[in-house]
Amino acid sequence: MIVCVCNNISEGKIHRAVDAGMTTMTELRKELGIGTSCGKCHTCAKHVLRECLHNNTTRNAAQPMVFHAMVA
Ligand code: FES
């Protein structure tokens with residue numbers, strides 16, 4: 000789904016940006032140009048950003064713990 004029509008920014012592109020470490024609208028605006036033209040996408044982009052951050056947190060929390068045997 001295209002989130003920012005003016006700059007042709009898709010939801011997937013936001014997902015990839017979050018996976019690359021972006022966590023704020025300021026960063027998305029600066030790096031992707033999202034919301035820098037008409038600004039109508041701001042609310043939707045913020046929603047997608049929050050969803051990505053939540054999913055990443057949940058995914059990271061769900062990773063199994065790995066224990067290594069200690070050799071004395
Ligand atoms: S739709 Fe994003 S700046 Fe216009």
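If you count the sequence shown from 1, position 65 lands on 64 in numbering that gives the first Met the number 0, and the numbers rise without skipping.
Ideal placement from N, C-alpha and C gives every residue a C-beta, glycine not left out.
DSSP bridge partner residues for residue i (one or two, in chain order)
i, result
"Ser36", "BP columns for Ser36 are empty, so no partner."
"Cys3", "Ile8"
Nearest-angstrom beta carbon gap, residue j and residue i [assumed within contact, 8 Å]
i, j, result
"Asn6", "Thr35", "7 Å"
Residue i burial status per 10 Å Cβ neighbour count (16 or more: buried)
i, result
"Ala60", "exposed"
"Met69", "exposed"
"Met0", "exposed"
"Ala19", "exposed"
Reference residue i; option with closest CA among the options
i, options, result
"Ala44", "Ala19, Arg28, Asn55 and Ala68", "Arg28"
"Cys3", "Arg49, Cys37, Val17 and Cys51", "Cys37"
"Leu52", "Ile13, His67, Lys39 and Gly32", "Ile13"
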